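One structure is given below, encoded as structure tokens.
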């Protein structure tokens, strides 16, 4: 609390000092009259080729750095605050974060159904909740994306793209101070010197808890802290058609969040009993090199090589067990692209080697175990892919692509037998996958686009990454999904109105999930499922300075075969809606109030549909003041009604709750 007060005082001092400094160095200029807000298309790389979001034959939602900053979204696991079609739920902890998109989710804590890429690099499953630093934009590519992205892109893909350095040196900071802690980030860029530039940035986030443990006489027990940093070296010469970037980063997350509350009494006043104080310490380290070279005006080649590793030390307080986990990934991609007025096409190869290791290192005074003492898994993937778009008539476009992938999984598990003696089991399996897609678009005018497509995605088969019994020594099959979708997009030429409607029907086969009691689950194929629904997104600018936007989806995702037939798929709300308003007032539009309301429909946390979260609503609001020397200050409130809702539930240990009400001060600056 004292740290928060000191940071708040520093914020006020900076706010008062900077105007005086600015008056000594510059004379503010009055902005000319004119529209403050426009809704222009955004350039994306959803298909690994540069297009606007309007030109993609498919559904892509984009949020910019400015949007993220205004909403206070600083981590990947809070992206559902800006994407109403996306659900993000931390299962047991943020480390096991789960994304749901178009009714497609994952019961496997180690096999996501939605891909997460940062600057073109697929992220490890335990890195799905990480700090975002110096982001240019985030793209949400919806629907199965097996042709372009391959494994794990059943529901879609989230692309986080970093900002490139500008010509001149600059620095930036973002500070949020609230009653339970702070979130602060900052960075600087050298600007370009003979084509070379270096960027560095760091973040620190401390969030005090909101749950009480009266049995042990402790309050606010579920606190957490994140520290991260990144440095990147860029080469962007004027006399050579080359862009190259070397990037190193680290992200450390420490938490005591794994407390649960009673299922029949959702309250922050009392947590369920624990055997030991829960604790986890996760560290992510990564390094990557990517480069693009324009061979001619129409041909270019891009290469990526990246390594990422994750270490996790965890005490699961409910059972009193210490575990250690290690994951790493070596990823490489090489692709060539051709672009002219009517044809855009790419060809590529990607390869990945992954290693997941899980160990129960100390049972202590535990009530049981979390599985076998050891699970050690290696996976190798090789794939070739192509994707392209052809304008075969003035108002017609055809797009198509495909990927052929081969994967081998090797598993070593140590499992106790009936006498309690540890026995080693070794096994391996191979999997092939062919994931094509095709689409067609009709453009009756420059403002309208009608499109339809069919595509396929997959999650590879393999072995349980935290095996608990001899049943886990057998492999499970790949999960596949086929999607049929169509939609309409509209963008007014004056940038004041946009709208998009999409309908889809997705058939899933051999859905992967867990069965069995907590800590002893077996990962298997549970049958087939079907997800169908519709999405809506619209925005309008009124009076040149008032923006209203609404987005949402309705969805029905159910099992259509297997032991859970006719049950809803877990973690898949039946609907969600987000509506927001952003105003600009004052001579320069410097006063910027905003409000956002989110409503999420009912959903379940288990295949039996016994653990239910009803519909709930959250309300956020903020008022910001934008100075004319690069500093914006404001106040904000999140979950203003202090809505209590579950983000995870388990019949053996209890429920976990969403974020509580938060009031704070917010300052951003760029120089």
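In mature numbering (1 follows the signal peptide of the UniProt record, and there is no 0), the protein residues as written are -22 to -1, 1 to 649. The beta-carbon is built from N, C-alpha and C at its ideal position, and this holds for glycine as well. No experiment lies behind these values; they were computed from the predicted model shown.
- [ ] Return the CA-CA distance between residue 274 and residue 22, expressed in angstroms with no decimal places.
- [x] As a first step, residue 274 is located in the chain shown; it is residue number 296 there, counting from the start. As a first step, residue 22 is located in the chain shown; it is residue number 44 there, counting from the start. Roughly 22 Å between the two C-alpha positions.
Open item on the list: Output needed for residue 3: all residues of its chain with C-beta closer than 8 Å, excluding positions within five of it in sequence on either side, in chain order.
Closed with: Residue numbering aside, residue 3 sits at position 25 when the chain shown is read from its first letter. Note that residue 3 has pLDDT 36, beneath the 50 cutoff, so the model's placement of it is unreliable and the number below is only indicative. Excluding positions up to five away in sequence, the list is empty.
- [ ] Let me know the secondary structure DSSP gives residue 630 once reduced to three states.
- [x] Taking the chain shown and counting its residues from 1, one reaches residue 630 at position 652. In the structure shown, residue 630 falls within a coil segment according to DSSP collapsed to helix, strand and coil.
Task: Close Cβ partners of residue 600 (< 6 Å) along its chain, the five nearest in sequence each way excluded - done: Looking up residue 600 in the chain shown gives position 622. Non-local C-beta neighbours of residue 600 in its own chain, meaning closer than 6 Å and more than five positions away in sequence, comprise 572, 612 and 614, ordered along the chain.
Open item on the list: Pop quiz: residue 169 and residue 179 are said to be a contact at Cβ under 8 Å. What is the actual Cβ separation, rounded to whole angstroms?
Closed with: Here residue 169 corresponds to residue number 191 of the chain shown, with the count starting at 1. Here residue 179 corresponds to residue number 201 of the chain shown, with the count starting at 1. With a beta-carbon spacing of about 15 Å, residue 169 and residue 179 fall beyond the 8 Å limit used to define contacts.
Task: Closest Cα partner of residue 644 within the set 559, 626 and 50 - done: The residue given as residue 644 occupies position 666 in the chain shown. Nearest of 559, 626 and 50 to residue 644, Cα basis: 50.
Task: Nearest candidate by alpha-carbon position, reference residue 156, set 462, 187, 579 and 79 - done: Translated into positions along the chain shown, residue 156 becomes position 178. Comparing alpha carbon positions, the residue from 462, 187, 579 and 79 closest to residue 156 is 187.
Task: Secondary structure of residue 103, DSSP reduced to three states - done: Numbered from its first residue, the chain shown carries residue 103 at position 125. Helix, per DSSP.
Task: Given 8 Å, three or more beta-carbon pairs between the region 360 to 370 and the region 325 to 338 - done: Yes, they touch.
Task: Rounded Cβ spacing between residue 555 and residue 530 (contact assumed at less than 8 Å) - done: As a working note, residue 555 is residue 577 in the chain shown. As a working note, residue 530 is residue 552 in the chain shown. Between the beta-carbon of residue 555 and that of residue 530 there is about 4 Å, and that keeps the pair under the 8 Å contact cut.
TODO: Between the Cα of residue 314 and those of 27, 617, 17 and 603, spot the shortest distance and give me the residue it belongs to.
DONE: Here residue 314 refers to the residue found at position 336 when the chain shown is read from its first residue. Ranked by Cα distance from residue 314, the first of 27, 617, 17 and 603 is 27.
Open item on the list: Once DSSP output is grouped into helix, strand and coil, what is the label at residue 579?
Closed with: Within the chain shown, numbered from 1, the residue matching residue 579 stands at position 601. Residue 579: coil per DSSP, three-state reduction.
- [ ] Determine the extent of the alpha helix (DSSP H) in which residue 284 is found, giving its start and end residues.
- [x] Along the chain shown, read from residue 1 onward, the residue named residue 284 stands at position 306. Taken as a continuous stretch (DSSP letters only), residue 284 belongs to no alpha helix (DSSP H), being part of the beta strand (DSSP E) at 277 to 294.
Task: Proximity to residue 424 [Cα-Cα], best of 293, 540, 468 and 384 - done: To locate residue 424, count along the chain shown from 1; it is residue 446. With distances taken between Cα atoms, residue 424 lies closest to 468.
Task: Cα-Cα separation, residue 651 to residue 438 - done: Residue coverage of the chain in this structure runs from -22 to 649, which leaves residue 651 outside it and unanswerable.
TODO: Look up residue 636 in the DSSP assignment and give the residues it is bridged to.
DONE: Here the question's residue 636 lines up with position 658 in the chain shown. Residue 636 is not bridged to any residue.
Open item on the list: Judging by CA-CA distance, which residue of 588, 384, 407 and 388 is the nearest neighbour of residue 356?
Closed with: Walking along the chain shown from the start, residue 356 turns up at place 378. When each option's Cα is compared against that of residue 356, the closest is 388.
TODO: Leaving out five residues on either side along the sequence, give the residues of the same chain with a beta carbon under 8 Å from the beta carbon of residue 40.
DONE: As a working note, residue 40 is residue 62 in the chain shown. The beta carbon of residue 40 is closer than 8 Å to those of 20, 22, 31, 115, 116, 117 and 118 in its chain, skipping five residues each way along the sequence.
Task: Distance CB(residue 103)-CB(residue 90) smaller than 7 Å - done: Translated into the one-based positions of the chain shown, residue 103 becomes position 125. Translated into the one-based positions of the chain shown, residue 90 becomes position 112. It is a contact, given that the beta carbons lie within the stated cut-off.
- [ ] For residue 647, collect the residues of the same chain with a Cβ closer than 7 Å to its Cβ; drop the 5 residues on either side in sequence, then sort them by chain order.
- [x] Looking up residue 647 in the chain shown gives position 669. Only 150, 151, 608 and 609 meet the Cβ criterion.
Open item on the list: Please report the distance separating the alpha-carbon of residue 249 from that of residue 431.
Closed with: Within the chain shown, the letter at position 271 stands for residue 249. Within the chain shown, the letter at position 453 stands for residue 431. For residue 249 and residue 431, the distance between alpha carbons rounds to 48 Å.
Task: First and last residue of the uninterrupted alpha helix (DSSP H) at residue 48 - done: On the chain shown, position 70 is the one that residue 48 refers to. Per DSSP, the unbroken alpha helix (DSSP H) holding residue 48 starts and ends at 43 to 49.
Open item on the list: Could you check whether the region 390 to 407 touches the region 44 to 61, counting it as contact only if at least three pairs of C-beta atoms, one from each stretch, sit closer than 8 Å?
Closed with: Counting Cβ pairs under 8 Å, fewer than three are found: no touch.
TODO: Given a cut-off of 7 Å, decide if residue 335 and residue 88 are closer than it, judged by their beta-carbon atoms.
DONE: For the purposes of this step, residue 88 is taken as residue 110 along the chain shown, with counting starting at 1. For the purposes of this step, residue 335 is taken as residue 357 along the chain shown, with counting starting at 1. No Cβ-Cβ contact shorter than 7 Å links residue 88 with residue 335.
Open item on the list: Please state whether the Cβ-Cβ distance between residue 172 and residue 480 is less than 7 Å.
Closed with: Here the question's residue 172 lines up with position 194 in the chain shown. Here the question's residue 480 lines up with position 502 in the chain shown. It is not a contact, given that the beta carbons lie outside the stated cut-off.
Task: Per-residue DSSP class, three states only, for residue 451 - done: The residue you call residue 451 lines up with position 473 of the chain shown. Here DSSP, grouped into helix, strand and coil, assigns residue 451 to helix.
Open item on the list: Mapping the DSSP letters down to three states, classify residue 73 as helix, strand or coil.
Closed with: Taking the chain shown and counting its residues from 1, the one referred to as residue 73 is at position 95. In the structure shown, residue 73 sits in a helix (DSSP, three-state: H, G or I).
Open item on the list: Would residue 575 and residue 557 qualify as a contact pair, given that the criterion is a beta-carbon distance under 7 Å?
Closed with: Counting from 1 along the chain shown, the entry for residue 575 is found at position 597. Counting from 1 along the chain shown, the entry for residue 557 is found at position 579. The answer is yes: Cβ separation under 7 Å.
TODO: Please name the residue in 552, 288, 638 and 16 whose C-alpha comes closest to that of residue 229.
DONE: As a working note, residue 229 is residue 251 in the chain shown. Comparing Cα-Cα distances from residue 229 to each of 552, 288, 638 and 16, the minimum goes to 288.
Open item on the list: For a quick check, are the C-beta atoms of residue 543 and residue 490 less than 7 Å apart?
Closed with: Start at 1 with the first residue of the chain shown, and residue 543 comes out as number 565. Start at 1 with the first residue of the chain shown, and residue 490 comes out as number 512. The answer is no: Cβ separation not under 7 Å.
TODO: Starting from the C-beta of residue 233, find all residues in its chain whose C-beta is less than 6 Å away, skip the five residues before and the five after it, and write them out in chain order.
DONE: In the chain shown, residue 233 corresponds to position 255, counting from 1. Answer for residue 233: 202 and 258, listed in chain order.
TODO: Give the range of the alpha helix (DSSP H) segment to which residue 127 is assigned.
DONE: As a working mapping, residue 127 is identified with position 149 in the chain shown. Counting along the chain, the alpha helix (DSSP H) containing residue 127 begins and ends at 124 to 127.
Task: Beta-carbon proximity check, residue 603 vs residue 559, cutoff 7 Å - done: For the purposes of this step, residue 603 is taken as the residue at position 625 of the chain shown. For the purposes of this step, residue 559 is taken as the residue at position 581 of the chain shown. Their beta carbons are not under 7 Å apart, which means residue 603 does not touch residue 559 by this criterion.
Task: Simplified DSSP state of residue 548, which is helix, strand or coil - done: For the purposes of this step, residue 548 is taken as residue 570 along the chain shown, with counting starting at 1. For residue 548, the secondary structure class from DSSP, reduced to helix, strand or coil, is coil.
Open item on the list: On the DSSP bridge list, what partners appear for residue 65?
Closed with: Translated into positions along the chain shown, residue 65 becomes position 87. The partner list for residue 65 (beta bridge, DSSP) reads 78.
Open item on the list: Do residue 473 and residue 506 count as a contact pair if the criterion is CB distance below 7 Å?
Closed with: Here residue 506 corresponds to residue number 528 of the chain shown, with the count starting at 1. Here residue 473 corresponds to residue number 495 of the chain shown, with the count starting at 1. Taking 7 Å as the cut-off, the beta carbon of residue 506 is found no closer than this to the beta carbon of residue 473.
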